[in-house]
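Just so you know, the sequences run in chain order Y and S.
With the first sequence counted from 1, adding 107 to any position gets you my numbering.
With the second sequence counted from 1, adding 555 to any position gets you my numbering.
Backbone N, C-alpha and C fix where the C-beta goes; we use that ideal spot for every residue, glycine too.
Just so it is clear, the structure is predicted and the values come from calculations on it, not from any experiment.
The structure under discussion appears below in the form of structure tokens.
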Amino acid sequence: MDLYREEILEHWQNPQNFGEIKKADLVIEQANPLCGDEITLFIKLDDNRSAIRDIRFTGSGCAISIASASILSENIKNKTVSVISKITGTDVIKLLGGQIAPARLKCAFLPLEALRRIRV
Amino acid sequence: MDFRKLRADFPILNRRVNGKPLVYLDNAATSQKPQQVLAAMDEYYRRHNANVHRGIHTLSVEATEMYESARNNVATFVGANDPSEIVFVRNATEAINLVAYSWGRLNISKGDEIVLTIAEHHSNFVVWQQLAAENGAILKIIPILDNGELDYLAFKKALTKKTKLVTFFHVSNVLGTINDVCNLTSIIHNLSPKAKILVDGAQAVPHMPVDVSRLGCDLYVFTGHKMLGPTGVGVLWGKRELLESMSPFLFGGEMISKVSVEKTTWNELPWKFEAGTPNIAGVIGLSAAVDYLSKIGVENVRKHEIELTNYALERLSKISEVTVYGSSRGASSGSTQGRSSNNRSGVISFNIGPIHAHDVASILDSEGIAVRSGHHCAQPLVDFLGVSSIARASFYIYNTKEDIDRLVEGILKVKKTFHLESKIIRQNSKIQLKSV
Chain Y
108 MDLYREEILE HWQNPQNFGE IKKADLVIEQ ANPLCGDEIT LFIKLDDNRS AIRDIRFTGS
168 GCAISIASAS ILSENIKNKT VSVISKITGT DVIKLLGGQI APARLKCAFL PLEALRRIRV
Chain S
556 MDFRKLRADF PILNRRVNGK PLVYLDNAAT SQKPQQVLAA MDEYYRRHNA NVHRGIHTLS
616 VEATEMYESA RNNVATFVGA NDPSEIVFVR NATEAINLVA YSWGRLNISK GDEIVLTIAE
676 HHSNFVVWQQ LAAENGAILK IIPILDNGEL DYLAFKKALT KKTKLVTFFH VSNVLGTIND
736 VCNLTSIIHN LSPKAKILVD GAQAVPHMPV DVSRLGCDLY VFTGHKMLGP TGVGVLWGKR
796 ELLESMSPFL FGGEMISKVS VEKTTWNELP WKFEAGTPNI AGVIGLSAAV DYLSKIGVEN
856 VRKHEIELTN YALERLSKIS EVTVYGSSRG ASSGSTQGRS SNNRSGVISF NIGPIHAHDV
916 ASILDSEGIA VRSGHHCAQP LVDFLGVSSI ARASFYIYNT KEDIDRLVEG ILKVKKTFHL
976 ESKIIRQNSK IQLKSV
């Protein structure tokens, strides 16, 4: 089952950046109530409030949503808010290895939806 | 009766999904349709199609005859005394909304009480929640016990002089719990004699004999597409007296008697509640489904499902990490309680360790197996059970033990894919907890 290949499972078992940030600059909750995936992003900005210095996330959800959050969080560290706002769904699919079935796209995009709600 | 032979009547069962033969285990969501139902609807459109209740011409008379015969057929099937107590609507959801709109809205006021359970389908939960909010009524929600049964103590406590409506599921679409409706209604008649009783039979009528005249309730709903019939047709049964007293639901043609510029009078039952051109083909399809089920005998359907359910529970209880909800819960801890399924329908909701139900459903799908995952239109219940989502397998007449064997193999594959034996998983169980 390519969707569940080792890399995805690795991220699900040991997600990068899992946890909270106390005194985060931004806390964003995003859920997909239809299926029970939910995620909370904790973001620390740099002094200019233009780039992400640190990001963590917590939540419960399917392997795809957790893996996506894990991979994305690694990817956006130290990037500017402006660059992050340009990340597309296609980018996310590529980061996940390109094999997300249509029924699971919502899962993969959950963390992206959260990122899109960043307002500085 | 060899239920395997029935499979030949269902063309869709020949499909392959992801290269494997389809194993359809999502019957609680919707059932597949036999040739006989498809042919009946096709025949109607090919040879008898016309609008009903109007017109003198032959086709119209034929169509009307078929439509009203269907009503008689459905009435007999569920034990209604009188076909005018059978109202055709779009589905069970619409039937419940009809009751809320035509009766609830005008008879449940501020301070009145509505009693229902935590396990109701959204169609029978949201409607009353919203009505209560609008009218200032009080919602009393009865919990479910660990074994999937209704908390009878809490139920009795909830019934007062202010109770206007009591509503509950006949069969739970998540837990498979079968409520003892007769028992519940007699308790209600004792403690809250003025309350009206609405029973949601969407998961009951397809799977077991139902006699609405004996249940002691005032209103009963069910839907065609879960009982081998087409989508777009559902039924509200109500006691004649009550339906007579209710104001119409939708207004328009068919439901009127006389219309003038100044005022309008209503048609008699049941047409008072059937505005506009009905889903004629759908109703005819439902009638064909009733014939199909009657031929098998609904009591035989029930026996078949008891066998399948017992077999499934037995096999699932031997797989570590599988948690089954409702009676026979605790299967993963090796408990042997509640293995018998006389109080349980062919609906088995489960989770596998910390794996999200979505992932379970995805991997099962890759093996050609169709189950449902999520909250099953019962978010309050899923919350109450303390999980974020659940996988569900549900059986019907064309399922076999082989289907269950395939399900079990699929579950083992899920476990293997997620390395469920490894120690690392236990550590990450924390991830799957809802609150941090």
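Given residue i as reference, the closest of the options once Cα atoms are compared
i, options, result
"ALA625(S)", "LYS850(S), VAL838(S) and GLU675(S)", "VAL838(S)"
"ALA687(S)", "ILE742(S), HIS677(S), TYR707(S) and GLY659(S)", "GLY659(S)"
"ARG857(S)", "LYS751(S), VAL926(S) and GLN758(S)", "GLN758(S)"
"GLU649(S)", "LYS665(S), GLY789(S) and GLY831(S)", "GLY789(S)"
"ASP1001(S)", "LEU770(S), ASN627(S), SER882(S) and HIS859(S)", "Because chain S spans 556 through 991 in this model, residue 1001(S) falls outside it and cannot be assessed."
"LEU708(S)", "ILE696(S), GLU817(S) and LEU753(S)", "ILE696(S)"
"ASN124(Y)", "ASP109(Y), CYS142(Y) and LEU179(Y)", "LEU179(Y)"
"ASN155(Y)", "ASP132(Y), ASN139(Y) and LYS201(Y)", "ASP132(Y)"
"ASN667(S)", "LYS968(S), ASN636(S), HIS744(S) and GLY691(S)", "The sequence shown places Asp at residue 667(S), not Asn. Comparing Cα positions, the closest option is GLY691(S)."
"GLU623(S)", "HIS974(S), HIS612(S), GLY610(S) and PRO638(S)", "PRO638(S)"
"TYR880(S)", "ALA674(S), ALA655(S) and ARG571(S)", "ALA674(S)"
"ARG223(Y)", "PHE164(Y), ASP109(Y) and THR195(Y)", "THR195(Y)"
"ARG226(Y)", "LYS201(Y), ILE146(Y), ILE135(Y) and GLN120(Y)", "ILE135(Y)"
"PRO698(S)", "GLU957(S), ASN954(S) and VAL937(S)", "VAL937(S)"
"LEU212(Y)", "SER917(S), GLN934(S), ALA836(S) and ILE910(S)", "SER917(S)"
"SER678(S)", "GLU689(S), ILE693(S), ASN652(S) and LEU661(S)", "ASN652(S)"
"LYS794(S)", "LEU824(S), ILE811(S), ASN898(S) and ALA584(S)", "LEU824(S)"
"HIS931(S)", "VAL942(S), GLU640(S), ALA830(S) and LYS719(S)", "VAL942(S)"
"ALA584(S)", "GLY610(S), ILE811(S), ALA647(S) and LYS813(S)", "ALA647(S)"
Alpha-carbon spacing of residue i relative to residue j, whole angstroms
i, j, result
"SER192(Y)", "ARG160(Y)", "15 Å"
"LYS552(S)", "ASN822(S)", "Outside the displayed range of chain S (556 to 991) lies residue 552(S), so it cannot be described from this structure."
"ASN834(S)", "VAL726(S)", "26 Å"
"MET782(S)", "VAL853(S)", "11 Å"
"MET556(S)", "LYS827(S)", "42 Å"
"GLY807(S)", "ARG645(S)", "16 Å"
"LEU116(Y)", "GLY126(Y)", "18 Å"
"ASP960(S)", "ASP914(S)", "20 Å"
"ASP706(S)", "LEU700(S)", "6 Å"
"ARG894(S)", "GLU869(S)", "Bear in mind that the predicted position of ARG894(S) carries a pLDDT of just 44, short of 50, making it unreliable; the figure below should be weighed with that in mind. Rounded to the nearest angstrom, the two C-alpha atoms are 7 Å apart."
"GLU876(S)", "VAL607(S)", "56 Å"
"GLU181(Y)", "PRO218(Y)", "12 Å"
"VAL991(S)", "ILE128(Y)", "The pLDDT assigned to VAL991(S) is 23, lower than 50, so where the model puts this residue is not dependable; a value taken from the coordinates is nonetheless given after this. Spanning the two alpha carbons is a distance of roughly 12 Å."
"LEU848(S)", "GLY166(Y)", "46 Å"
"LYS712(S)", "SER741(S)", "15 Å"
"VAL736(S)", "LEU671(S)", "13 Å"
"PHE724(S)", "GLY756(S)", "6 Å"
"ASP597(S)", "GLY840(S)", "9 Å"
"ASN738(S)", "LEU975(S)", "44 Å"
"ASN855(S)", "ILE200(Y)", "49 Å"
"LYS956(S)", "HIS859(S)", "10 Å"
"ILE567(S)", "ASN954(S)", "13 Å"
"ASP144(Y)", "ALA595(S)", "43 Å"
"LEU577(S)", "ARG570(S)", "6 Å"
"MET801(S)", "GLY771(S)", "19 Å"
"SER872(S)", "GLY908(S)", "13 Å"
"SER664(S)", "SER921(S)", "51 Å"
Under 7 Å from the C-beta of residue i: neighbouring residues of chain Y
i, result
"SER917(S)", "LEU110 and ARG211"
Beta-carbon neighbours of residue i, restricted to chain S and to distances below 8 Å
i, result
"SER175(Y)", "Result: empty, since nearest Cβ-Cβ is about 13 Å, beyond 8 Å."
Proximal residues of chain S, C-beta to C-beta of residue i below 7 Å
i, result
"GLY168(Y)", "HIS911"
"GLY143(Y)", "GLY929, HIS930, SER943 and SER944"
Under 8 Å by beta carbon: chain Y residues contacting residue i
i, result
"ASP914(S)", "TYR111, CYS169, ALA170 and ILE171"
DSSP bridge partner residues for residue i (one or two, in chain order)
i, result
"LYS163(Y)", "Going by the sequence as given, residue 163(Y) is Arg instead of Lys. Its beta-bridge partners are PHE149(Y)."
"ILE693(S)", "GLU668(S)"
"ASN139(Y)", "ASP144(Y)"
"ASN906(S)", "THR878(S)"
"SER842(S)", "SER842(S) is not bridged to any residue."
"TYR951(S)", "For TYR951(S), which the question treats as bridged, DSSP gives no partner whatsoever."
"SER928(S)", "ALA946(S)"
"SER915(S)", "It is worth fixing the name first, because residue 915(S) is Val in this sequence and not Ser. According to DSSP, VAL915(S) bridges with nothing at all."
"ASP132(Y)", "Answer by DSSP bridge pairing: none, since ASP132(Y) is not bridged."
"ILE699(S)", "LEU705(S)"
"PRO748(S)", "PRO748(S) pairs with nothing; no bridge assigned."
Below-8 Å beta-carbon distance, residue i vs any chain C residue
i, result
"THR718(S)", "As a matter of chain content, chain C is missing from the structure shown, whose protein chains are Y and S."
Q. Does the pairing of the region 782 to 791 of chain S with the region 725 to 742 of chain S give three or more beta-carbon distances under 8 Å?
A. Because the criterion of three Cβ pairs below 8 Å is not met, the region 782 to 791 of chain S and the region 725 to 742 of chain S do not touch.
Q) Are three or more beta carbon pairs between the region 180 to 190 of chain Y and the region 205 to 213 of chain Y nearer than 8 Å? A) Contact between the region 180 to 190 of chain Y and the region 205 to 213 of chain Y is absent, because fewer than three Cβ pairs lie under 8 Å.
Q: Indicate whether the contact test is met: 3 or more Cβ pairs, each with one atom in the region 948 to 955 of chain S and one in the region 167 to 175 of chain Y, closer than 8 Å.
A: Touching, no, given that fewer than three Cβ pairs across the two stretches are closer than 8 Å.
Q.
Contact between the region 859 to 873 of chain S and the region 609 to 619 of chain S is defined here as three or more beta-carbon pairs at a separation below 8 Å; is this criterion met?
A. Taking 8 Å as the limit for Cβ pairs, the verdict is that the region 609 to 619 of chain S does not touch the region 859 to 873 of chain S.
Q) Are the region 808 to 820 of chain S and the region 764 to 782 of chain S touching by the rule of at least three beta carbon pairs closer than 8 Å? A) Taking 8 Å as the limit for Cβ pairs, the verdict is that the region 764 to 782 of chain S does not touch the region 808 to 820 of chain S.
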